[in-house]
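Right, one structure below, let's go through it.
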Amino acid sequence: MSHELTPSQTIGPFYWGTIVKTYRAELAPPGVAGERIELVLTLHDAEGAIVPDGLFEIWQANSHGRYNHPEDRRNLPLDAGFEGYGRASTFTDGSSRFGTVKPGRVPWPEGGLQAPHVNISIFARGLLNRVATRLYFDGDPANAEDPVLKAIDPARRDTLIARRDGKGWWHLPIHLGGPKETVFFDC
Amino acid sequence: MDKEIYRRPASGVHPANLSPEYKSTVGRAPRQKPVVLPHTLSEITGPLLDTERLDALENDLTKQRSGEPLGERIVVHGRVLDQDGRPVPKAMVEIWQCNAAGRYHHAGDQHDAPLDPNFYGGGRVRADADGRYQFITIKPGAYPWKNHHNAWRPAHIHFSLFGPAFATRLITQMYFPDDPLLAFDPIYNSVPAGARERLQSAFDMENTRPEWALAYRFDIVLRGRNATPMEH
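Residue numbers (my numbering), protein chains in the order written: chain R, 307 to 493; chain F, 3 to 234.
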């Protein structure tokens, strides 16, 4: 019997209130180690207009650089109550806010470490497949040696770099198309 | 560390992001080729949602309100497998759908069809150790949408799966066998022929419950691991 992949389809516009009743915008309950951060992701279409019916999911390591997953077998601490997963709709202003901790560095298969990053999945009406990207932190000295960032056309690298506002919140606009199209990954 | 843990999907499986017959793709589909990422810990780990506590009735969409929803009660069941046919144990399966009249319980759905106060349309379940899952629900209706003149979505149930890793995340739609609307649906037909048929559930007489409900079977296949991961 063949086991061929199930094809992808769009999330459509009407998921909210059903799957997203399990809304998780606060990833780090009190007591979780690390630097508290706020992430604001904003979704734009090819014309630059905001996408009010999208869904963001994030997945990240804890502040020690450990993923809460059996594949991560390194002897690093796990934090009780911190899974590293968040999900939120973009709502009417096209943005989602997540409260979390800054992830630590995780290894690169050929050796060395990746810069701190958050993995992002994006779903929306009009997107037939999940699109995936990463968020890196402006000013982090590890960015200069990150193998993923280094492999990207420097003209487009900035699309992955979140910047801080006056409140210290990290903002990353994500453009599905157009001249500012974000770098997406086949992962 | 393992390299290239999960197999890359072959061409001819997933829809093209830009599928202009489905008009919303035109302004939203990325145009640049995605950058291929090697499989690092970031891609081979992912949310397992194993601390998520599910209520016993979350997989019975006919029992989430005070009364029974209107419509044709059905059993939807199947297995979550990988490409080698191995079960994905304990996989979280989430679904959502419109009611029997073709209306979603969602403020954005303005289709002139009745809401059913006894049907909310969302459910989830954790597959068992063999990857088996089951929902009780009502058969969703077809509904019109504004993609083109006289556009109708075939009856469908949305499915969301995580699988074992960030790389295996999948959202899809399950259709009903031999629905005449499938031939006209640009979302279904965005998937290449030969693969789109896998989105049709199978009518399952054997698991039909006499005097109670018809059954449909929908197996979901997520990305498998490479047969011989390279170690170094």
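Even glycine gets a Cβ: it sits at the ideal position worked out from N, Cα and C.
By the CB criterion at 8 Å, R/PHE443 and R/TRP476 fall inside the cutoff.
Our two residues, R/ILE458 and R/CYS493, have alpha carbons roughly 15 Å apart in a direct line. Counting C-beta pairs with one atom in each stretch, the stretch 107 to 120 of chain F and the stretch 70 to 78 of chain F have three or more that are closer than 8 Å, which means they touch.
For the set F/MET207, F/THR210 and F/SER203, the Cα lying nearest the Cα of F/ARG81 is the one of F/SER203. Where F/ILE7 is concerned, there is no enclosing alpha helix (DSSP H), because DSSP gives it neither an H nor an E. Under the 8 Å criterion on CB atoms, R/ILE458 is classed as interfacial with respect to chain F.
By the rule that beta-carbons nearer than 8 Å mark a contact, F/ARG30 touches chain R.
Pairing R/VAL412 with F/ARG75, the inter-Cα distance amounts to about 48 Å. Residues of the stretch 101 to 132 of chain F whose Cβ lies closer than 9 Å to any Cβ of chain R, in chain order: TYR106, HIS107, HIS108, ALA109, GLY110, ASP111, TYR122, GLY123, GLY124, GLY125 and ARG126. Residue contact check for F/PRO49 against chain R: a CB pair falls below 8 Å. For R/ASN381, the closest of R/GLY390, R/GLY387, R/GLU389 and R/GLY371 by C-alpha to C-alpha distance is R/GLY371. By alpha-carbon distance to R/ASP471, the top candidate from R/ALA334, R/GLN420, R/GLY337 and R/ILE343 is R/ILE343. Less than 8 Å separates the beta-carbon of R/GLN315 from that of F/THR174.
Scanning the stretch 144 to 219 of chain F for uninterrupted alpha helix (DSSP H) segments of 4 residues or longer gives nothing; none is fully contained. Straight across, the Cα-Cα distance linking F/ARG225 with F/LEU39 is about 16 Å.
In the DSSP assignment, no residue is bridged to R/GLU487. Under the DSSP definition of a beta bridge, R/SER401 partners with R/THR348. Membership of R/GLY474 in any alpha helix (DSSP H) is not indicated, and neither H nor E is assigned to it by DSSP. Per DSSP, the beta bridge partners of F/HIS79 are F/GLN136 and F/ARG219. Listed in chain order, the positions of the stretch 56 to 81 of chain F with a beta carbon within less than 8 Å of a beta carbon of chain R would be empty, since no residue qualifies.
Residue nearest to F/ARG10 within the set F/GLU23, F/PRO22 and F/GLN85 is F/GLN85 (criterion: CA-CA distance). Under the three-state reduction of DSSP output, R/ILE317 falls in the coil class, being neither helix nor strand. Bridge pairing for R/ALA468: R/PHE443 [DSSP]. Between R/PRO409 and the set R/PRO313, R/ASN435, R/ALA438 and R/LEU345, the nearest pair of CA atoms involves R/LEU345. The Cβ-Cβ distance between R/LEU349 and F/SER21 does not fall below 8 Å. Excluding its 5 nearest sequence neighbours in each direction, F/ASP52 has C-beta neighbours in its own chain below 8 Å: LYS92, listed in chain order.
Of all alpha-carbon atoms in F/THR139, F/VAL90, F/GLY104 and F/PHE220, the one lying nearest the alpha-carbon of F/TRP214 is that of F/THR139. Judged by their CB atoms, R/GLY340 and R/ALA367 are not nearer to each other than the 8 Å cut-off. F/LEU201 and R/GLY445 have their alpha carbons spaced roughly 45 Å apart. F/TRP154 has a beta carbon lying at 8 Å or more from every beta carbon in chain R. Distances from the alpha-carbon of F/GLY196 to those of F/HIS16, F/GLU6, F/ILE7 and F/TYR8 put F/HIS16 closest.
Contact annotation: in the stretch 423 to 437 of chain R, residues whose CB is within less than 8 Å of a CB in chain F are HIS423, ASN425, SER427, PHE429, ALA430, ARG431, GLY432, LEU433, LEU434, ASN435, ARG436 and VAL437. Boundaries of the beta strand (DSSP E) harbouring R/ALA430: 423 to 430, taken from the DSSP string. At least one CB atom of chain R sits nearer than 8 Å to the CB of F/SER192. Straight-line spacing of the CA atoms in R/ILE364 and R/ILE356 works out to 19 Å.
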